[in-house]
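Protein chains: 2
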Amino acid sequence: MFVNSCILNDAYRMFFGTLANESRLIIVNTLRKKPLNVSEICEMTGFEQSMVSHNLKTLEYHGMVFVEKKGKYRYYKVNEKTIQPLLKLIDDHMKEYCCKIAKGER
Amino acid sequence: MFVNSCILNDAYRMFFGTLANESRLIIVNTLRKKPLNVSEICEMTGFEQSMVSHNLKTLEYHGMVFVEKKGKYRYYKVNEKTIQPLLKLIDDHMKEYCCKIAKGER
DNA sequence: TATATATATGATGTGCGATTCATATGTTTG
DNA sequence: CAAACATATGAATCGCACATCATATATATA
Chain A
1 MFVNSCILND AYRMFFGTLA NESRLIIVNT LRKKPLNVSE ICEMTGFEQS MVSHNLKTLE
61 YHGMVFVEKK GKYRYYKVNE KTIQPLLKLI DDHMKEYCCK IAKGER
Chain B
1001 MFVNSCILND AYRMFFGTLA NESRLIIVNT LRKKPLNVSE ICEMTGFEQS MVSHNLKTLE
1061 YHGMVFVEKK GKYRYYKVNE KTIQPLLKLI DDHMKEYCCK IAKGER
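Sequences listed follow chains A and B, in order. Residue 1 is where the first sequence starts when you use the numbering used here, and the numbers rise one by one after that. Residue 1001 is where the second sequence starts when you use the numbering used here, and the numbers rise one by one after that.
Laid out in structure tokens, this is it:
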């Protein structure tokens, strides 16, 4: 029981940790609009290719994005079922409790 | 516009970063049951007092917990409005996409 | 099959956040 | 007002996650 809750906490920690990164947040937000392959993500974000691949791997491992092979391209899309509504919820939280942060104040 | 989205991404990063920590997750989960003062949190978690205070400060800054002074005690409670349903959403995500992580597999 | 293109993977140095220790501040009670 | 209790804060060390660079793998096309 205690062991299980530790493992569970760790899963949560990793889940949040996955989104606690500016690059990955930008990538996810880019993918929210439509599925893109790696090169397209690089173009749109200005990020380097290997960095994007590393981060996509993390996102995929945590079920936040899915990948689909098309020829030599790999198209990534965001998990519509859970991540999209989750981000929506956090939008609301932000507006109400983190406005000073969202505005860049400290 | 681009500046704003950067700041917004940063707010999101900090939000997730706040929960991407085992100690804080344990503290939040402890508080989900009922409001507690710092000493009580220390007792229940086995954590050191200063560590708990540091982490509570972070949690409070991000609107995840609220504090109420009662004499020499400070009672902390979790944000029922946003954090509670958010954790519920993530429960669902975990069950479906992170079962291997939740089970401790790699 | 050789070359180009697309993507993934491995190794490494580094900055940042977390814990810990020490101490300060605030509050109550004798 | 002094002593005890409750909590906050500052400083410092340390581990880990991230970006980067170099390279490997996979696929397409000439």
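From the three backbone atoms N, C-alpha and C, an ideal C-beta is built for every residue, glycine too.
- Chain order gives no chain B residues near MET51/A, where near means a beta carbon separation below 9 Å; the closest approach is about 16 Å.
- By the neighbour-count definition (other C-beta atoms within 10 Å, threshold 16), GLY1046/B is an exposed residue.
- The Cβ atoms of VAL1067/B and TYR1075/B sit closer than 8 Å to each other.
- By the neighbour-count definition (other C-beta atoms within 10 Å, threshold 16), TYR73/A is an exposed residue.
- Shown here, ASN79/A sits in coil according to DSSP, grouped into three states, outside any helix or strand.
- Comparing C-alpha distances from VAL38/A to each of LEU25/A, ASN29/A, HIS93/A, GLN49/A shows the shortest one belongs to GLN49/A.
- ARG1024/B sits buried, since 16 or more C-beta atoms from the chains shown fall within 10 Å of its C-beta.
- The C-alpha of MET51/A lies about 11 Å from the C-alpha of ILE41/A.
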